[in-house]
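With the numbering used here, letter number 191 in the sequence shown gets 196, and the count goes up by one each step, no holes. From the three backbone atoms N, C-alpha and C, an ideal C-beta is built for every residue, glycine too. All values derive from a computational prediction rather than experimental measurement. Below: one structure, written as structure tokens.
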Amino acid sequence: MPPRPTLAGDSAPPIVEPIRFDVSALPRHQQFLAWRNRVGQVIDVLPTLEQTRNPFHAYFDRYAIGEYVFSDCYSDEVTLSRSIARISQDNARAVVFQIFLGGDSGSVISHSSKRPGTPLDAGIVAVDMDQPVNVLRRACRHITFMVPASHVTPVFADPGILHGRVLASALPAVRLIVARANELLRTIRSMPTPERLRHLTSLLTLILAAFGEEAGLSGSRSALARAAMFDDVRRFVRANLGDSTLSPESIIDQLGLSRPTIYRLFQHEGGLGAYLQGLRLRAAAAELVRYPSIPIKDVGYAFGFGSASAFTRAFRRSFDLAPQDLRQGETPAARLDRSDWVE
């Protein structure tokens, strides 16, 4: 049957086809590697010998709508890694929300490939693409919703504070978000662009409200006060990051805050000291790549580390590689490609 002609005044919106990628038609020994190559544009997929030999099932339908990227995905079990070396080499800067459509994803998340994470009841996971992360994700179908960091700041003044946060699948807010996301998947192809943007913005508002409630940054006058206090601390830390005397104690003294209050604000990051050191190390990593002629020890001194050895130890603990390895473009995926793959 020929396509129906479009009549003058016909208001039926066009069907918008997503960008689709599916490995099912490939020979089985190519399926995982093809998925790794495609997804590897934004995050490393760490291989095992078994995955490269056996069939691997994976697909995505991807929509780029305004500043949003919205993808319906399925993959068999995978280990994903976004290292500080990888971050220094690309421009993928966004906050990603993974919404698991079948309930608990069985994910294990850690900030180091050498340290085991804890299995999570993950209904929704937030990842800041500007920070390292390692994820073991069981076979599941999920939505990947990528948004600019600026769209997160109305609730989280520092979008990086979302990194690694998880909402449990049983939460009423998560069940509502999953239902809305499923409905959007059913209707998005036939929506005009303004309506798609409206629905995605509404979905993001629900997600941020749920994470804000979980973090205690919304919902009451005291929550608003905590949010303002967190913003004050964040701005002060960033403005004084190069001050070698900056410490949790000096921040508490200069801002006149109580230690218990500071602990509650930064509990998810392991405390204010861990938050401060994480910011310093990520800033130092960017400087190492941006200015390759500056001695490593001088970069460490510039961000408050008292010696080259102290800087190297802290850097290696956080990122699983030494500062000089970063300058040479070392990544976990590159190490695996030069050695035996994960058994």
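Can Ser86 and Val50 be called in contact, C-beta distance under 9 Å? Between Ser86 and Val50, the C-beta gap is smaller than 9 Å, which places the two residues in contact.
Is it a yes or a no for the segment 74–91 touching the segment 40–54, going by three-plus beta-carbon pairs under 8 Å? The answer is yes - the segment 40–54 touches the segment 74–91, with three or more Cβ pairs under 8 Å.
Which residues in the same chain have their Cβ closer than 6 Å to the Cβ of Ala13, if we skip the five residues on either side of it in sequence? Below a pLDDT of 50, predicted positions are generally treated as unreliable, and Ala13, at 40, falls in that range; no measurement from the model is reported.
Cutoff 8 Å; reference Leu202; Cβ partners in own chain excluding five residues on either side: Excluding sequence neighbours, Leu202 sits near Ile70, Gly71, Tyr73.
So, is Ser314 buried or exposed, given that buried needs 16 or more other C-beta atoms within 10 angstroms? By the Cβ-count criterion, Ser314 is exposed, with fewer than 16 other Cβ atoms from all chains shown falling within 10 Å of its own Cβ.
Of the listed residues Phe271, Asp237, Glu274, nearest to Gln259 (C-alpha basis): Sorting Phe271, Asp237, Glu274 by C-alpha distance to the C-alpha of Gln259 places Asp237 at the top.
Closer than 7 Å by C-beta to Pro10: which residues in its own chain qualify, once you throw out the five before and the five after it? Chain order, please. Because Pro10 sits at a pLDDT of 38, beneath the cut-off of 50, its placement in the model cannot be relied upon, and the following sentence gives the value as read from the coordinates. So the list is empty, once near-sequence residues are dropped.
Going by C-alpha distance, which of Gln36, Arg287, Phe37 is nearest Val321? It is worth fixing the name first, because residue 321 is Arg in this sequence and not Val. Answer by Cα proximity: Arg287.
Quick one: Cα of Ile212 to Cα of Val152, how far? In a straight line, the C-alpha of Ile212 is about 12 Å away from that of Val152.
List the residues that DSSP assigns as beta-bridge partners of Ala69. For Ala69, which the question treats as bridged, DSSP gives the partners Val74.
Assuming His147 and Leu106 are in contact, meaning their beta carbons sit under 8 Å apart, how far apart are those beta carbons, in whole angstroms? His147 to Leu106, Cβ: 6 Å. Contact.
Residue ranges of each alpha helix (DSSP H) within the segment 249–330, 4 or longer: Listed in chain order, the complete alpha helix (DSSP H) runs (minimum 4 residues) inside the segment 249–330 are 253–260, 264–270, 277–295, 301–307, 313–324.
For Ala127, count neighbouring C-beta atoms within 10 Å of its own C-beta (all shown protein chains included) and say buried if the count is 16 or more, exposed if not. Classified as buried, Ala127 has 16 or more neighbouring CB atoms from the shown chains inside 10 Å of its CB.
Using a Cβ-based criterion (distance less than 8 Å to any ligand heavy atom), does Arg98 qualify as near the ligand HEM? This structure simply doesn't include the ligand HEM, nor any ligand for that matter.
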